[in-house]
Each structure stands twice: as C-alpha cells, then as structure tokens.
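As structure tokens, the structure follows; a few thoughts come after it.
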Amino acid sequence: MNIFRLIGDMSHLAAIIILLLKIWKSRSCSGISGKTQFLFATVFTCRYLDLFTNFISIYNTSMKIFFLASSYATIYLIFMKFKATYNRNHDTFRFEILLAVAGVLALLLNHEFSVTEILWTFSIYLESVAVLPQLFMISKTGEAESITSHYLFALGSYRGLYILNWIYRYYMEGHLDWVAIVSGIVQTGLYCDFFYLYITKVMKGKNLTLPA
-12 MNIFRLIGDM SHLAAIIILL LKIWKSRSCS GISGKTQFLF ATVFTCRYLD LFTNFISIYN
48 TSMKIFFLAS SYATIYLIFM KFKATYNRNH DTFRFEILLA VAGVLALLLN HEFSVTEILW
108 TFSIYLESVA VLPQLFMISK TGEAESITSH YLFALGSYRG LYILNWIYRY YMEGHLDWVA
168 IVSGIVQTGL YCDFFYLYIT KVMKGKNLTL PA
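Residue numbering for the sequence shown follows this note's numbering, beginning at -12 and increasing consecutively.
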C-alpha cells in the first residue's frame, strides 16, 4: 500500500464519520440525500461480496466491514430513526437511471464475464455517479450546511487521492485498470464546482450557497 491510497482511505473514513456524527448529534438528516446513501450502500454490497471468501489482510477486511456497516447504519438513520427530518421533497433525482446505466456498462465493459466481476465493475461505475443525487439536492435548495460541505469535501478528496494512487501504481508496479481510472476521473470531475465553492466560501468561514 502506498501513501496516496492510505491517505485516500483515511479521507473516506473521515467523510463517513463526519456524516454519521452530523446526523446523530443534530438528530436530523436534513440536507442529506437518502438516495445517494442508498447508492453507496449498493456499491459496497456489490463490491464486498468476497468479504468471507477472499482474505487479503486485516486492514482490508476491517475496511470492508466498516464501509458495509456504516452504509447500512446511515440508511437506518435516514429512513427509519430520523425519517421525520428527511427532506424527501428535495431528494428527487431519478437515481434509477444511474443504476440502469451502471448495470448496462458493467455487462458490456468488464474484465471478466462472471457474476462477481460484473458486480464489482457495476460498483465501480455506480460509485462514480452516486453523489449526483446529493449534488442535485444542494442545487435545489441552493445551499448546504457547513458539516455537509465538510463531508462532501472529504469524500471528493478520497477519490482525488485515489487517482494519485493509480498513477503511482502504474509507474511503480506497472498496474493499470482503466475501469477504475476512468470512473475515478469522472467521479472527481463531478466535485470540481463543489471544490471551488468549498475553497472560496466554506474555508473562509462562509456558508456554501450557490450563485443565484
């Protein structure tokens, strides 16, 4: 494991912890897209089907368990425990389209036509666009709470760092995975406008509001 992947993983962990603490401390999931969280739960479920059959390291297994458990915990908090605070009327992105497109791409563009490989590829494609319902929700409301902004910044940073991880692995190990790389670039690209607003507003102590 190289430093870029390690920091990327820590950024991903930080994003999830920030989100869970935000919901639990405020006793509210206001401003959080339940659809995005459902997509992330789907991503981790499809990707980590090998949890009990393919042991790589304690670190790897621990991360898989954390991502699975935290994604389902988030779903529980949004749709059950604090469902009264869920902004359903603003969370209107047609996420079914993302599921369908990712599914078709996984069937057409994969490394191996097997169930586990197709589901893994599906999770990669889906993760690249899973944040779209959250970004769409912010565009509808015109603003995001600071803590939600911190969550999204950490989440976007994780993918940006993974691009550096792939570059490092290509030059140091000769490893190249175009499915993961292209999907990662797409995912990072979706955050570009958000990164700009975060740096110019949130980091200066202002609320993240979209231009009128």
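For glycine and all other residues, C-beta sits at the position ideal for the given N, C-alpha and C.
Excluding five sequence positions before and after Asn(-11), the CB atoms of its chain that fall closer than 8 Å to its own CB belong to Asn152, Tyr155, Arg156, Met159, given in chain order.
In this model, Asp37 and Leu64 are separated by some 26 Å (Cα to Cα).
Judged by beta-carbon spacing, Ser17 lies within the 7 Å limit of Thr72, meaning their Cβ atoms are closer than that value.
Nearest C-alpha to Lys193 among Glu130, Ser101, Ile45, Trp107: Glu130.
Here Asp180 is exposed. Its C-beta has fewer than 16 other C-beta atoms within 10 Å. For Leu55, the enclosing alpha helix (DSSP H) begins and ends at 45 to 63. Residue range 165 to 177 is occupied by the alpha helix (DSSP H) that includes Val173. By the neighbour-count definition (other C-beta atoms within 10 Å, threshold 16), Glu104 is an exposed residue. Under the three-state reduction of DSSP output, Thr196 falls in the strand class. 7 Å or more divides the Cβ of His77 from the Cβ of Thr135.
Counting the other CB atoms within 10 Å of its CB gives Ser49 a total below 16, which places it among the exposed residues. Distances from the CA of Gly21 to each of Gln121, Met190, Phe42 were compared; the closest alpha carbon is that of Gln121.
Here Arg81 is exposed. Its C-beta has fewer than 16 other C-beta atoms within 10 Å.
Cβ-Cβ distances below 7 Å link Ile62 to Gln24, Phe25, Ala28 in the same chain, with the five nearest sequence neighbours on each side left out; the list follows chain order.
Between Ile84 and Ala167, the C-beta spacing is not below 7 Å.
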